[in-house]
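These protein sequences, in sequence, are chains A and B. Heads up: the first sequence runs through residues 1 to 204, numbered per our numbering. Heads up: the second sequence runs through residues 1001 to 1204, numbered per our numbering. From the three backbone atoms N, C-alpha and C, an ideal C-beta is built for every residue, glycine too.
2 protein chains.
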Amino acid sequence: MQTEGQTAEGRITKAERTRARLIEVATRLFQEHGTAEVTVRRIAAAAKIEAGSIYYHFSSRDEILRAVLERGVGDARDEVLAAIAEAGADSSPLVRLRAALAAHLKYTLRHHFSSRLKAIRHLPKRLRDHHMQQERDYAAIFAGLLREAQRKGLLRGGFDASVVRMLVMGALTWVAEWYDPKGPLSPDEITDELMGILTKGIVK
Amino acid sequence: MQTEGQTAEGRITKAERTRARLIEVATRLFQEHGTAEVTVRRIAAAAKIEAGSIYYHFSSRDEILRAVLERGVGDARDEVLAAIAEAGADSSPLVRLRAALAAHLKYTLRHHFSSRLKAIRHLPKRLRDHHMQQERDYAAIFAGLLREAQRKGLLRGGFDASVVRMLVMGALTWVAEWYDPKGPLSPDEITDELMGILTKGIVK
DNA sequence: AACAATACCGAACAAACGTTAGATTTTGAC
DNA sequence: GTCAAAATCTAACGTTTGTTCGGTATTGTT
Chain A
1 MQTEGQTAEG RITKAERTRA RLIEVATRLF QEHGTAEVTV RRIAAAAKIE
51 AGSIYYHFSS RDEILRAVLE RGVGDARDEV LAAIAEAGAD SSPLVRLRAA
101 LAAHLKYTLR HHFSSRLKAI RHLPKRLRDH HMQQERDYAA IFAGLLREAQ
151 RKGLLRGGFD ASVVRMLVMG ALTWVAEWYD PKGPLSPDEI TDELMGILTK
201 GIVK
Chain B
1001 MQTEGQTAEG RITKAERTRA RLIEVATRLF QEHGTAEVTV RRIAAAAKIE
1051 AGSIYYHFSS RDEILRAVLE RGVGDARDEV LAAIAEAGAD SSPLVRLRAA
1101 LAAHLKYTLR HHFSSRLKAI RHLPKRLRDH HMQQERDYAA IFAGLLREAQ
1151 RKGLLRGGFD ASVVRMLVMG ALTWVAEWYD PKGPLSPDEI TDELMGILTK
1201 GIVK
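Encoded structure:
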């Protein structure tokens, strides 16, 4: 057990690895048990470290939460953007929208990330503002696709695009509250159901 | 300050009034700050009572939470059923669905009741089962309306009604997370937007 | 091998938590 | 007005919480 992290230039220090492990563990615990029930001591135990040692890596418990949230939104954003890119820049905005929504749903389910909700409102102002900016950027991805579809004349008029965007994302975010991984439905099928509503409605 | 509660038969004891006040105050606090951050002492202070006195009315903190949740779902159910009744039993199921969704949204916004989410998962099993049964009953109202519309041939085929129901209710439940009472949108307008999607979709 | 920096331990801290129980006040029936 | 019952207060309890800090390993460089 030596010479694992190199310190020359592209160094990966032990601290960085421990910090990453703490974020991973904390993310899992926050998701499983809710942000409020997870104590510093539990995070420490799960990361096989002593509670006090955490404060070598984070200045406070809130700082851990901030890091978790930041990574969460960041990762989701990356996956959604990757899905859009994979659909091809020349594909229909609606095709890309479907891909984006599917990626969003998959990430939400995989990380059960409505746990976001449980925390944001009570973060210290500074952190909350920063996080809400991240959320806005994330939402802008979907808004952009809708706007592009609108510009290309693919959509009917007479609706408020930003409301629709929030309703749609809300529907998907809420899936995490009722989704049963052992059930018959896949995330893709749910996304298709949603896209079916968006394209055709459900009324004859 | 005397002879307020009568004790003959239709008595309203002081304890009942205090208990009701505690539930009211606790509901508001749970909604504003999240279930986990609200301590027994804070509830007591907000109800202008001493912390210890709470245990004359509730046997534990969880018991308060249970009462709050129970009243929440019950009240929402009553309001939704009232809205459906007001629409008239002979009106179109879609009209009644709109009325029901609007009532659901209004209640959710008025009480910011996505706070439900934050608690259910970690209630003692007994309480949780009971509460989830209540939620199922509540959801059944909307499912019934959808089924009726389907039976009357108002809807197209090829979609999963239960998934649609959950997506729709999720969209509305999530509204509480982004809704701005000072903004230009009313709950009714949001409901209309949603019904517009359901009836026509948004694609040309 | 030696040494400074890094990373972690382990014990302690004050504060806040839910809860209990005995004393005390308020209430309503007579 | 009296008196038991009902309702509340008051003070404390044992835990657990986030956090601090001096010491102790571990690490990478020379």
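Show which residues of chain B have a CB atom less than 7 Å away from the CB atom of residue i.
i                 : result
Thr-173 (chain A) : Trp-1174
Ala-26 (chain A)  : Near Ala-26 (chain A) there are no residues of chain B at all, since even the closest Cβ is about 16 Å away, more than 7 Å.
Leu-155 (chain A) : Ile-1202, Val-1203 and Lys-1204
Leu-29 (chain A)  : Near Leu-29 (chain A) there are no residues of chain B at all, since even the closest Cβ is about 13 Å away, more than 7 Å.
Ala-143 (chain A) : The premise fails here: Ala-143 (chain A) is roughly 13 Å from chain B at the closest Cβ pair, so nothing lies under 7 Å.
How big is the Cα-Cα spacing for residue i and residue j?
i                  : j                  : result
Leu-1198 (chain B) : Gly-158 (chain A)  : 14 Å
Ala-15 (chain A)   : Ile-54 (chain A)   : 10 Å
Leu-1022 (chain B) : Val-1164 (chain B) : 37 Å
Ala-99 (chain A)   : Ala-47 (chain A)   : 35 Å
Gly-5 (chain A)    : Thr-18 (chain A)   : Only weak support is given to the placement of Gly-5 (chain A): the predicted model assigns it a pLDDT of 40, under 50, and the question is left unresolved by the model.
Asp-192 (chain A)  : Gly-52 (chain A)   : 48 Å
Thr-1035 (chain B) : Thr-13 (chain A)   : 39 Å
Pro-93 (chain A)   : Val-168 (chain A)  : 16 Å
Glu-1024 (chain B) : Arg-147 (chain A)  : 43 Å
Ile-1084 (chain B) : Lys-106 (chain A)  : 35 Å
Glu-79 (chain A)   : Glu-1032 (chain B) : 33 Å
Ile-43 (chain A)   : Ala-20 (chain A)   : 13 Å
Ile-1064 (chain B) : Tyr-1056 (chain B) : 12 Å
Val-1203 (chain B) : Leu-154 (chain A)  : 6 Å
Leu-1029 (chain B) : Leu-1109 (chain B) : 15 Å
Ala-1089 (chain B) : Ser-1059 (chain B) : 43 Å
Thr-1027 (chain B) : Ser-186 (chain A)  : 36 Å
Arg-1156 (chain B) : Val-1095 (chain B) : 17 Å
Gln-1133 (chain B) : Val-1040 (chain B) : 27 Å
Pro-1184 (chain B) : Gly-1196 (chain B) : 18 Å
Gly-201 (chain A)  : Gly-1201 (chain B) : 4 Å
Ala-1103 (chain B) : Glu-1086 (chain B) : 11 Å
What residues from chain B crowd round residue i, counting only those whose CB sits closer than 8 Å?
i                 : result
Val-164 (chain A) : Glu-1193, Ile-1197 and Ile-1202
Ile-190 (chain A) : Val-1163 and Leu-1167
Where DSSP assigns a beta bridge to residue i, which residues make up the other side?
i                  : result
Leu-1155 (chain B) : A:Val-203
How is the alpha helix (DSSP H) around residue i delimited, first residue to last?
i                  : result
Leu-1109 (chain B) : 1093–1111
Ser-1162 (chain B) : 1161–1178
Thr-209 (chain A)  : An answer regarding residue 209 (chain A) cannot be provided, because it is not within the stretch 1 to 204 covered by chain A.
Ile-1049 (chain B) : Element bounds for Ile-1049 (chain B): n/a, residue is neither H nor E.
Leu-1069 (chain B) : 1061–1087
Which residues in chain A sit within 9 Å of residue i, going by Cβ to Cβ distance?
i                  : result
Leu-1094 (chain B) : Val-203
Ala-1206 (chain B) : Not covered by the structure: residue 1206 (chain B). The range shown for chain B is 1001 to 1204.
Gly-1074 (chain B) : Under the 9 Å cutoff, chain A gives no residues; its nearest Cβ is about 20 Å from Gly-1074 (chain B).
Ala-1140 (chain B) : Those within 9 Å of Ala-1140 (chain B) in chain A number zero; the least Cβ separation is about 14 Å.
Ala-1082 (chain B) : Here the premise fails: no neighbours, minimum Cβ distance about 24 Å.
I want to verify the contact list: residues of chain A whose CB lies under 8 Å from the CB of residue i, in sequence order.
i                  : result
Ala-1087 (chain B) : Per Cβ cutoff of 8 Å: no residues; Ala-1087 (chain B) is ~17 Å from chain A at best.
Strictly below 7 Å CB to CB, what residues from chain A border residue i?
i                  : result
Asp-1160 (chain B) : Glu-193
Ala-1100 (chain B) : Result: empty, since nearest Cβ-Cβ is about 16 Å, beyond 7 Å.
Starting from the beta carbon of residue i, find every residue of chain B whose beta carbon is closer than 9 Å, and list them in chain order.
i                 : result
Glu-148 (chain A) : By Cβ distance, chain B contributes nothing, its closest Cβ being about 13 Å from Glu-148 (chain A), past 9 Å.
Leu-185 (chain A) : Asp-1160 and Val-1163
Gly-264 (chain A) : It is not possible to answer for residue 264 (chain A), since the shown part of chain A is limited to 1 through 204.
Does the beta-carbon of residue i, which I'm using as the reference point, lie nearer than 7 Å to any heavy atom of the ligand PLP?
i                  : result
Ala-1082 (chain B) : Among the components modelled here there is no ligand, and therefore nothing to report on the ligand PLP.
*asked:* Pairs of beta-carbons, one from the region 1173–1189 of chain B and one from the region 171–182 of chain A, closer than 8 Å: are there three or more?
replied: At 8 Å Cβ cutoff, the stretches touch.
*Should the region 1137–1150 of chain B be called in touch with the region 1070–1080 of chain B, which here means at least 3 C-beta pairs below 8 Å?*
Three or more Cβ pairs closer than 8 Å define a contact, and the region 1137–1150 of chain B meets that threshold against the region 1070–1080 of chain B.
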